[in-house]
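Chains as they are written, first to last, in our numbering: chain A, 1 to 114; chain B, 1 to 110.
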Amino acid sequence: GAVVSQHPSWVICKSGTSVKIECRSLDFQATTMFWYRQFPKQSLMLMATSNEGSKATYEQGVEKDKFLINHASLTLSTLTVTSAHPEDSSFYICSAFGSEYEQYFGPGTRLTVT
Amino acid sequence: ILNVEQSPQSLHVQEGDSTNFTCSFPSSNFYALHWYRWETAKSPEALFVMTLNGDEKKKGRISATLNTKEGYSYLYIKGSQPEDSATYLCASEDAGKSTFGDGTTLTVKP
């Protein structure tokens, strides 16, 4: 089946620094990718929809200047957490649709901001 | 129902037991209902996607039903095995976005 990879799988950074997370579709092209965040014991929450060649669409309450999304090719979307703070510590996961209904998820990235 | 709700939150069963969990979702603007199986440290794995009222899907010992009019889906596992231990997530898809439930964490004891 289709595979989506994420890099890094975990990262620890200092408060005030920026962190980039990559999401790649390995064997299919994805014009749209989705970024989710999950806090402990809570649901996956959609943060934004990443569109190849155009601006991302952010969900209400998600700061677009803080969570920069770039979808430069049909197989790569990146999420940059700028000026990270401890409250940004979370599990970030991306997904893409390999076909009309099949959604494939990456393995996720655990971000810890100290 | 405004959110996607799953119950129970967690479930502990013995090997061989059959079990089922519920996913409730908004019935308006419904497009598709997804079930995922998520093992720790792995990507969520798609189990089923259902779109029509009355849909029933089956994959081995796991099956699911869908009622779009009343906004619920059931996931059944027959003869649970330890390898079935995982968190089972459902997601309601509407207008290209998926809203996830909190999941049901299943633990199957040998």
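Note that the Cβ used here is the ideal one computed from N, Cα and C, for glycine as well.
Predicted model only: the values in this text are computed from it and were never measured.
Cross-chain neighbours of residue i in chain A, by beta carbon under 8 Å
| i | result |
| --- | --- |
| S98/B | F34, L46 and Q103 |
Bridge partner(s) assigned by DSSP for residue i
| i | result |
| --- | --- |
| S67/A | Here the sequence assigns Phe to residue 67/A, which means Ser is not the residue at that position. Answer by DSSP bridge pairing, in chain order: V81/A. |
| Q14/B | K109/B |
| V19/A | V81/A |
| N20/B | Y76/B |
| S54/A | Its beta-bridge partners do not exist; DSSP assigns none. |
| F34/A | T49/A and S95/A |
| L76/A | R24/A and S73/A |
| V11/A | L111/A |
| E59/A | BP columns for E59/A are empty, so no partner. |
| K58/B | S63/B |
Option nearest residue i by Cα separation, candidates the options
| i | options | result |
| --- | --- | --- |
| G108/A | S89/A, G98/A and E102/A | S89/A |
| S7/B | A32/B, V108/B, T104/B and P110/B | T104/B |
| R37/A | A30/A, C13/A and C94/A | C94/A |
| L75/B | R61/B, E83/B, V13/B and P82/B | R61/B |
| L47/B | V4/B, L11/B and L33/B | L33/B |
| F67/A | F39/A, T80/A and L44/A | T80/A |
| T78/A | P40/A, K55/A and G98/A | K55/A |
| I77/B | V49/B, N67/B and A86/B | A86/B |
| T32/A | A96/A, G106/A and R110/A | A96/A |
| G106/A | S18/B, D94/B, P44/B and P26/B | P44/B |
| T114/A | G98/A, G53/A and S15/A | S15/A |
| N67/B | T22/B, N3/B and D94/B | T22/B |
| K109/B | E15/B, V4/B and A41/B | E15/B |
First through last residue of the beta strand (DSSP E) which encompasses residue i
| i | result |
| --- | --- |
| L89/B | A86 to D94 |
| L75/B | Y72 to I77 |
| A46/B | E45 to M50 |
| T109/A | T109 to V113 |
| Q97/A | Per the sequence presented here, residue 97/A reads as Phe, with Gln not at that position. Where F97/A is concerned, the enclosing beta strand (DSSP E) stretches over S90 to F97. |
| N67/B | I62 to N67 |
| V4/B | Per DSSP, V4/B belongs to no beta strand (DSSP E) and is neither H nor E. |
| A32/B | A32 to W38 |
| K97/B | K97 to F100 |
| S5/A | V4 to H7 |
| Q103/A | Q103 to F105 |
Within chain A, partners of residue i - CB distance below 7 Å
| i | result |
| --- | --- |
| G101/B | S43 |
Partners in chain B for residue i, counting only beta-carbon separations shorter than 7 Å
| i | result |
| --- | --- |
| G106/A | S43 |
Exercise. Using a Cβ-Cβ cut-off of less than 7 Å, list which residues of the stretch 29-55 of chain B approach chain A; keep chain order.
Key: A32, H34, K42, S43, P44, A46 and V49
Self-check item: Interfacial residues, the stretch 79-96 of chain B to chain A, with Cβ spacing under 9 Å
Solution: For the stretch 79-96 of chain B, which is checked against every Cβ of chain A, the residues closer than 9 Å are L89, A91, E93 and G96.
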